[in-house]
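Structure first, commentary second.
Number of protein chains: 2
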Amino acid sequence: MTDSSDKKYPVPTIRRLPSYLRVIKALDFEGREFVSATDIANELGIDSIKVRKDLAYTEATGKPRVGYRITELMHGIRSIIGWDRNSEAILVGAGCLGSALLGFPGFSKRGLNFVAAFDADREKYGTYVHECEIKPIEELEKFITERLIEIAVLTVPSFAAQQVTDRLVNAGIKGIWNFSPVRLKVPPSVVVQSENLMSGLAVFMVRMARGAE
Amino acid sequence: MTDSSDKKYPVPTIRRLPSYLRVIKALDFEGREFVSATDIANELGIDSIKVRKDLAYTEATGKPRVGYRITELMHGIRSIIGWDRNSEAILVGAGCLGSALLGFPGFSKRGLNFVAAFDADREKYGTYVHECEIKPIEELEKFITERLIEIAVLTVPSFAAQQVTDRLVNAGIKGIWNFSPVRLKVPPSVVVQSENLMSGLAVFMVRMARGAE
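Listed in order, the protein sequences are those of chains A and B. For what it's worth, the working numbering labels the leading residue of the first sequence as 9, then goes sequentially. For what it's worth, the working numbering labels the leading residue of the second sequence as 9, then goes sequentially.
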């Protein structure tokens, strides 16, 4: 990553913030006004010192014996992880996994709004998956440039991943959330975030073979 | 993790092994007999020293200027990550994400075979998703104990996750691949591997805001 930003948040911190947010939202829902790092740590079964360090990045100020004001902390976490903004996104590859992602209720709440999905299967054109229209892959570039879309979620088969990526990048996409197992080649200005289920499966299987944690 | 195993593989190594396997399987398919750490490193855009260290865990022996015999290396990687074994698994929660996972072609090739799925929705009972029968959640314990199932993939809504987990553990499940955002409480003997899409989304959004890599 570059140093182009003023603030740098450690990736492990960023990965933990959504679970903190989930815990304090539940407390907020119950009518609580304050939360301590220890409350969050206990709920998630992690070290409270780690939680305290992570929360320091939010710039919310904790008071001794009272903790953090929940509304302030929610705002701080959301603004770090960008869930206070709204981004339009497209999805390319409306197969099993793609369709599941289109229906995931958590994304729009977190600022990621699917405005269209694209697929190469003619039979899908004009159909809707979870209120999102499936459009012909031929219309990909036109849609991206006209709507100034910057984010694409990639759920195409491996063999098509790089070719579709090239088209996305040429059309102006700035970030790709990649669910294919392929390592995508993109210019340095484009962000690729890859989720690899097979890595997770491998770790799971090794831990199972080992027998316990 | 415990020290109960003879060998310990670093988690980052385990996470990388599936992508190495993908690269060398493609070379094998092309008729190649040998592969070097540099070949793999170049294909994946990572450091060749890292690849060499990772491959050392496979106990495959590389020859200078020739590299590793591909068949030997594939065997070595598969045996580390358990993809040379076959495990029966159940899936609980046949919603959007669960159905997508049932249809994922990669799992059975990697030794994870879904033999049944369970759901609380009566309308789904007896239907099939990707050749896997959806059974009533009431039959969960009976099925696990009769078939001696040890692995469960959890794709239920958050509110049901802990309760279903307790039932799985009581019935004898030894490992849970958890796709709910909940931190599950289990006895130390049970392995929980959690995939958290929201963590991935958070990292993606922060990197997008930062603008480049």
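Beta carbons: idealized from backbone N, C-alpha and C, even for Gly. The model shown is predicted, which means the values in this text are computed figures rather than measured ones.
ask   = Once you ignore the five residues that flank L99/A on each side, which residues in its own chain have a CB closer than 7 Å to its CB?
value = G106, L109, L110, F122, A125, V161 and T163
message = Helix, strand or coil, according to DSSP, for N121/A in the structure here?
response = strand
request  = Would you kindly report the start and end of the unbroken beta strand (DSSP E) that includes I97/A?
outcome  = The question names Ile, but residue 97/A in the sequence shown is Ala. S95 to V100 is the span of the beta strand (DSSP E), which, as asked, contains A97/A.
request  = Kindly identify the DSSP beta-bridge partner or partners of Q201/A.
outcome  = W185/A
request  = Return yes when the Cβ of V177/B is within less than 8 Å of the Cβ of P189/B, no when it is not.
outcome  = no
inquiry  = What does the alpha-carbon distance come out to for the pair R77/B and K193/B?
reply    = 44 Å
key: Straight-line gap, K132/A to A102/A (C-alpha atoms, nearest Å)   = 9 Å
inquiry  = Between which two residues does the beta strand (DSSP E) holding V161/A run?
reply    = I159 to L162
inquiry  = Give me the chain B residues within the contact set of Y17/A, using Cβ-Cβ distance strictly less than 8 Å, ordered along the chain.
reply    = V214
message = Using only the alpha-carbon positions, how far apart do R130/A and T135/B sit?
response = 27 Å
task = Would you check if there are 3 or more beta carbon pairs closer than 8 Å linking the segment 22-37 of chain A to the segment 62-80 of chain A?
result = yes
ask   = If we cut at 8 Å on Cβ distances, does R155/B have a partner in chain A?
value = no
message = Strictly under 8 Å for the Cβ-Cβ distance: is G101/B near chain A by that measure?
response = no
key: Contiguous alpha helix (DSSP H) assignments of at least 4 residues, all confined to the segment 47-118 of chain B   = 56-64, 78-89, 104-110 and 113-117
ask   = Thinking just about the alpha-carbon of each residue, which of K143/B, D127/B and L156/B is nearest to the one in A169/B?
value = D127/B
ask   = Does DSSP classify P20/A as helix, strand or coil?
value = helix
message = Helix, strand or coil, according to DSSP, for A220/B in the structure here?
response = Bear in mind that a pLDDT of 49 at A220/B, under 50, signals an unreliable position, so the model cannot answer this.
task = For the beta strand (DSSP E) holding K143/B, just list the boundary residues, first then last.
result = C140 to P144
query = Just reading off the alpha helix (DSSP H) that R40/A is part of, what are its end residues?
reply = Unbroken run through R40/A: none, as it is neither H nor E.
query = For V194/A, does the three-state DSSP call read helix, strand or coil?
reply = coil
message = DSSP three-state label for D127/A, please.
response = strand
message = Let me confirm a value: P26/A is counted as buried when at least 16 other C-beta atoms fall within 10 Å, else exposed. Which label applies?
response = buried
query = With a CB to CB cut of under 6 Å and the five nearest residues on each side skipped, what residues in its chain are close to W185/B?
reply = V161 and Q201
task = Take the Cβ of K61/A as the centre, count every other Cβ of all protein chains shown within 10 Å, and call the residue buried at 16 or more, exposed below.
result = exposed
query = Cβ atoms of G183/B and E158/B: under 8 Å apart, would you say?
reply = yes
ask   = Exposed or buried, which one is S12/B when buried takes at least 16 other CB atoms within 10 Å?
value = A caution first: S12/B carries a pLDDT of 37, below 50, which makes its placement in the model too unreliable to give a value.
ask   = Which one or two residues does DSSP pair with V137/B in a beta bridge?
value = C140/B
ask   = Would DSSP call L148/B helix, strand or coil?
value = helix
message = Shorter than 7 Å, the distance from the beta carbon of Y65/B to the closest heavy atom of the ligand COA, or not?
response = Ligands are entirely absent from the displayed structure, and the ligand COA is therefore not among its contents.
task = Spatial neighbours of T66/A within its chain, please: CB distance less than 7 Å, with the 5 preceding and 5 following residues excluded, ordered by chain position.
result = L81, G84, I85 and I88
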